[in-house]
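In what follows, a structure is listed as structure tokens, so that the remarks can point back to it.
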Amino acid sequence: MPEKQTILVTGGTGFIGSHTCVELIEQGYDVVVLDNLVNSKVESLNRIERITGTRPRFYEVDILDREALERLFAEEPDISCVIHFAGLKAVGESCKKPWEYYHNNIAGSLELFDVMRAHGCKNLIFSSSATVYGDPEFVPITEECPKHTPTNPYGKTKTMLEDILVDLSAADAEWNIVLLRYFNPIGAHPSGLMGEDPNGIPNNLMPYITQVASGKLEELGVFGDDYDTPDGTGVRDYIHVMDLAVGHVKSIEFMAGKHGVNVFNLGTGIGYSVLDVVHAFESANGLTIPYRIKPRRAGDIACCYASAEKAERDMGWKAQYGIEEMCADSWRWQSMNPDGYGD
Ligand code: NAD
Ligand code: UD1
0 MPEKQTILVT GGTGFIGSHT CVELIEQGYD VVVLDNLVNS KVESLNRIER ITGTRPRFYE
60 VDILDREALE RLFAEEPDIS CVIHFAGLKA VGESCKKPWE YYHNNIAGSL ELFDVMRAHG
120 CKNLIFSSSA TVYGDPEFVP ITEECPKHTP TNPYGKTKTM LEDILVDLSA ADAEWNIVLL
180 RYFNPIGAHP SGLMGEDPNG IPNNLMPYIT QVASGKLEEL GVFGDDYDTP DGTGVRDYIH
240 VMDLAVGHVK SIEFMAGKHG VNVFNLGTGI GYSVLDVVHA FESANGLTIP YRIKPRRAGD
300 IACCYASAEK AERDMGWKAQ YGIEEMCADS WRWQSMNPDG YGD
């Protein structure tokens, strides 16, 4: 491999992808970004450049477009590893548009994997999710925890793509694959220049809270207070997006000289309830978040948090940011960019 490895980041203008690009560039990697901009803006590349002083080479390409993928790999022959973030990720939308989700996430990924192997690039880091554990058999969730069928097509694409990658690797020992199961990514780059820019009314907790804080939304609905958890509200393992970004760089280092499939949870190992997050946000930012208890949201589980021991043991990765920093950075991003990256 060349000294300054070239990494292709699919979905690199998106939330987690853009933060990972910053970390990759800061660690000396040469970064190529592919994205079709279906859920992100080119402005995030300007922000990456402002933070790092380097603009990644950008290809506006759909992973379903095989010819465009072929051209990209021909133009970038030094790509040694692909970090594959590109995909659709809205749980509710996936129930309404299952075909679109399976087509984009599964068919698109199959094209990508095929073009990769045709160009002799078989090093892959795949963005998976804690959703593959379904309603987990135990917490903290270790990587050995049995997978259960997710309740929605989005989640199923993650389970299916993991299975596909395991099969590819079983048939061809040259594949070197890391499956990263993210827990609940929140936070933003500490500069306030980059963060999550959801379309429309957010579905996820933290972007909803920041929009209540900014006055865009009136109050937070807390989905259920009768779960079997300490305060009755759902418990999750929130992880700062910059910690996730570092997890990808550690994965590249871990992959050196390896083969097969390795699976890692990326979480903090700590569970916070919805009300814990509300109160942490209030105390980190000196704000009050009005909320009202609402009925449970369909498909939600009571409690989900990681055992993060394997990532620490095998690749020396451990989350550094706490919940207060996650809340402060989320709010800095929202307050500095009330309209996200703009139109
Ligand atoms: P995101 O929507 O911000 O980023 C995904 C990017 O992929 C977007 O920029 C979008 O434009 C691009 N994309 C989608 N379909 C494409 C296609 N056909 N061709 C090219 N580009 C395409 O989402 P994110 O939060 O950054 O998530 C990144 C990855 O991590 C996704 O695969 C997601 O499923 C996974 N993940 C996210 C979370 C989370 O909570 N954010 C949790 C677990 C896993
Ligand atoms: C959801 C997805 C999961 C996906 C993840 C990405 C579902 C069922 N699961 O996880 O597949 O990988 O997003 O981050 O959608 N909450 C409220 N009020 C709100 C929003 C959320 O009370 O307005 C609660 C939820 O009930 C849950 C917690 O906050 O207890 C976190 O919710 P959310 O941020 O949507 O993440 P998950 O449901 O864990």
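Letter by letter, the sequence shown follows residues 0 to 342 in numbering that gives the first Met the number 0.
We put the beta carbon where it would ideally sit given N, CA and C, even for glycine.
In this structure, P152 has its CB at a distance of at least 7 angstroms from all heavy atoms of the ligand UD1.
Using a Cβ distance threshold of 8 angstroms, T158 and K146 count as a contacting pair. As a beta-bridge residue in DSSP terms, L7 pairs with V31 and V81.
Here DSSP, grouped into helix, strand and coil, assigns L111 to helix. Short note on P135: C-beta not closer than 7 angstroms to any heavy atom of the ligand NAD. Restricting attention to A301, G256 and N261, the CA atom closest to the CA of L179 is found in N261. If you look at L265, you'll find it in the beta strand (DSSP E) that goes G259 to L265.
Going by DSSP, L71 is part of no beta strand (DSSP E) but of the alpha helix (DSSP H) stretching over R65 to E74. For Q210 and D171, the gap between their C-alpha atoms comes out near 47 angstroms.
When the five nearest sequence neighbours on each side are left out, the beta carbons in the same chain lying within less than 8 angstroms of the beta carbon of K3 are those of G27, Y28 and D29, in order along the chain. In the DSSP annotation of this structure, N45 is not part of any beta strand (DSSP E); the continuous alpha helix (DSSP H) holding it starts and ends at E42 to T51.
Rounded to the nearest whole angstrom, the C-alpha separation of I300 and F57 is 38 angstroms. By the 16-neighbour rule on beta-carbons within 10 angstroms, E110 is buried. Listed in chain order, the alpha helix (DSSP H) runs fully inside the stretch 284-321 are 308-314, counting runs of at least 4 residues.
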